[in-house]
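Heads up, the sequence shown is in the working numbering, so the first residue is 26 and it goes up one at a time.
No residue lacks a Cβ here, since even glycine has one placed at the ideal position from N, Cα and C.
What you are looking at is a predicted structure, and each value in this text was computed from that prediction instead of being measured.
Please read the structure below before turning to the comments.
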Amino acid sequence: MASSYLLQCPNFSTNLNLTSKPTTLKTTPSFLLIKAAASSSNNNTSTSTATSNNIRDEARHQNLTNPQQNHNFSAKYVPFGADPATSTESYSLDDIVYRSQSGGLLDVHHDFSALKAFPGSYWRALFDSRVGKTTWPYGSGVWSKKEWVLPEISSDDIVSAFEGNSNLFWAERFGKQFLEMNDLWVKHCGISHTGSFKDLGMTVLVSQVNRLRKMNKPLFGVGCASTGDTSAALSAYCASAGIPSIVFLPANKISIAQLVQPIANGAFVLSIDTDFDGCMQLIREVTSELPIYLANSLNSLRLEGQKTAAIEILQQFDWEVPDWVIVPGGNLGNIYAFYKGFHMCKELGLVDKIPRLVCAQAANANPLYLYYKSAWKEFKAVKANSTFASAIQIGDPVSIDRAVYALKKSNGIVEEATEEELMDAMALADSTGMFICPHTGVALTALMKLRKSGVIRSSDRTVVVSTAHGLKFTQSKIDYHSNNIKEMACRYANPPVSVAADFGSVMDVLKKYLSKTPKY
26 MASSYLLQCP
36 NFSTNLNLTS
46 KPTTLKTTPS
56 FLLIKAAASS
66 SNNNTSTSTA
76 TSNNIRDEAR
86 HQNLTNPQQN
96 HNFSAKYVPF
106 GADPATSTES
116 YSLDDIVYRS
126 QSGGLLDVHH
136 DFSALKAFPG
146 SYWRALFDSR
156 VGKTTWPYGS
166 GVWSKKEWVL
176 PEISSDDIVS
186 AFEGNSNLFW
196 AERFGKQFLE
206 MNDLWVKHCG
216 ISHTGSFKDL
226 GMTVLVSQVN
236 RLRKMNKPLF
246 GVGCASTGDT
256 SAALSAYCAS
266 AGIPSIVFLP
276 ANKISIAQLV
286 QPIANGAFVL
296 SIDTDFDGCM
306 QLIREVTSEL
316 PIYLANSLNS
326 LRLEGQKTAA
336 IEILQQFDWE
346 VPDWVIVPGG
356 NLGNIYAFYK
366 GFHMCKELGL
376 VDKIPRLVCA
386 QAANANPLYL
396 YYKSAWKEFK
406 AVKANSTFAS
416 AIQIGDPVSI
426 DRAVYALKKS
436 NGIVEEATEE
446 ELMDAMALAD
456 STGMFICPHT
466 GVALTALMKL
476 RKSGVIRSSD
486 RTVVVSTAHG
496 LKFTQSKIDY
506 HSNNIKEMAC
516 RYANPPVSVA
526 ADFGSVMDVL
536 KKYLSKTPKY
């Protein structure tokens, strides 16, 4: 969808010069494709070949030879919820700081006045021109929006696996068969380098750490508490950059597939006899005493990468805004990141509205849901009980204030899913050709409830965010289809049939199966 926009784009410069004002852009016929200043020049192939050995070298050469790539975009930390125009407290992104002076959360604030010097059509064309390229670092779905993420970082400091650009899957059969919907989509953020959406944020955080270490900041490595996916992403990106990673994991509470990832990538892994909230408390204490950079979503840098998934959804719909976006929620940074991405696109003129957001929680770890049902009267942390959606098994979410802000600003809703509901939803989705994680089962359960109540209409364009790959959670699927989950009916289990190794037995089983199979 997005690529067609370039062929329809009205008069724009063939070289998107970021230092120019929009009024000075030279016009060209609309049939010409826009060539971003950041993209590699096809007209200088011989020079590039002579001076470069790889795409990073080529990008470095382009930075030296194309001064028009310089710009005045900037970003800084400000206290979350503060008005950047009046707040006296702010920090450089090169400062090692995680909380405001009052102990509250920080937020990355971009200089909107500089970004607004260019119209929304300019940004749409620039972002679209980078899709599917191998030019460093813009082949990444995150770094293709570099000006909106970390505008001041050198491309040479970026650590990227060309993450993002994930599949937006039309869930045709699931939507029609179970929900009577024709416009249901699943954003497969788990089709990524380490198998989860956490890659989107980790490329940003580790890139900034790489920059800080080159500036001789006192940082030995990077540490995180994790329910599995954060540690996988952190260890992979740190390994790529040669930066030590330290991981705190709750013992016996994550899948083997999740555990093996940081081990394989060389992280220093501590298995701690506590839950995620206990690990989080420990890593915060440790990073305040040792030269270890905190990588959890308390650090707002990661959200800058995660927000690009929202921008990507708009791109994939040719900059048309869906009606609903449903996001699983645990530590609750992601729901705010999606809001932030949509809000930036509206504020900077790329779209004229934002979708309504739904945050879906497991009933066994549902502090946001309970807060929402109390009409936001009083937040109380809960003791998170065991859930198959282990990555969101969090009872005291760090980003609770961010999530509430995003939901209020988007006229959002919070729903929950029991263990049986989320596992049944996962099995139904898988039966239509998907292979989703339990967390996506939580989000699909929320969708099914909102469809049943009539809140989401059959004609509404709805996007369900799938946060991790189903291959990380094969044991839960095996247990379900083996009818091996205590006090769960496993209504859609599909166990293998044991049969003797002879023709007659096989034929008998197949005839019985075919007699029960609906005819199309």
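For M206 against S483, the beta-carbon gap comes to about 5 angstroms, under 8 angstroms, which counts as contact. Contact between T492 and T465 holds, with the beta-carbon distance rounding to 7 angstroms and staying under 8 angstroms. The C-alpha of M513 lies about 54 angstroms from the C-alpha of N79.
With fewer than 16 neighbouring CB atoms inside 10 Å of its own CB, I281 falls in the exposed class. Beta-bridge analysis with DSSP links T487 to L209 and W349. CA-CA distance, K497 to Q283, rounds to 6 angstroms.
Per DSSP, the unbroken alpha helix (DSSP H) holding F152 starts and ends at G145 to R155.
One alpha carbon belongs to D136, the other to A110, and they sit about 10 angstroms apart. In this structure, F152 keeps its C-beta atom at 7 angstroms or more from the C-beta atom of S165. Across the structure, A385 and Y318 are spaced so that their CA atoms are roughly 30 angstroms apart. For A150, the closest C-alpha among the options C370, G291 and L307 is that of C370.
When DSSP reads this structure, S270 sits in a beta bridge with V247. With respect to I297, F273 sits close: the two C-beta atoms are nearer than 7 angstroms.
Between the alpha carbons of P316 and R236 lies a gap of roughly 15 angstroms. When rounded, the separation of the alpha-carbon atoms in H96 and V352 is 34 angstroms.
Rounded to the nearest whole angstrom, the C-alpha separation of L373 and C462 is 34 angstroms. Contact annotation, G355 with A390: C-beta distance approximately 7 angstroms; criterion of less than 8 angstroms satisfied.
Within its own chain, the residues whose Cβ lies closer than 6 angstroms to the Cβ of L326, once the five positions on either side in sequence are excluded, are V229, L230 and Q233, listed in chain order. Contact annotation: I379 and S435 have beta-carbon atoms nearer than 7 angstroms. Annotated three-state conformation of P287 is helix, per DSSP.
Following the DSSP letters along the chain, one finds S125 in no beta strand (DSSP E), marked with neither H nor E. If you keep only unbroken alpha helix (DSSP H) runs of at least 4 residues inside the region 439-517, you get 444-456, 463-477 and 499-506. Taking a contact as a CB-CB distance under 8 angstroms, the pair K223 and A258 counts as one, their CB atoms being some 4 angstroms apart. For C214, DSSP assigns no beta-bridge partner whatsoever. For the 7 angstroms CB-CB criterion, Q418 and A406 do not form a contact. Residue nearest to H218 within the set L244, S424 and S191 is S191 (criterion: CA-CA distance).
Taking S180 as reference, the option from E188, L395 and T160 with the minimal CA-CA separation is T160. When only Cα atoms are considered, A454 and F460 end up about 7 angstroms apart. Take the alpha-carbon of S540 and the one of L193: they are about 36 angstroms apart.
The DSSP assignment places complete alpha helix (DSSP H) segments of no fewer than 4 residues inside the region 353-420 at 358-372 and 392-398, in order along the chain. By DSSP's assignment, S296 forms a beta bridge with L274.
For W195, the enclosing beta strand (DSSP E) has its first and last residue at L193 to W195. Residue environment analysis places I268 among the buried positions, since at least 16 neighbouring C-beta atoms fall within 10 angstroms of its C-beta.
Excluding sequence positions up to five before and after R486, its CB lies within less than 6 angstroms of the CB of D208, P347 and D348, all in the same chain and listed in chain order. Straight-line measurement puts the Cα of C249 at about 36 angstroms from the Cα of T457. In the structure shown, I336 adopts helical secondary structure according to DSSP, grouped into three states.
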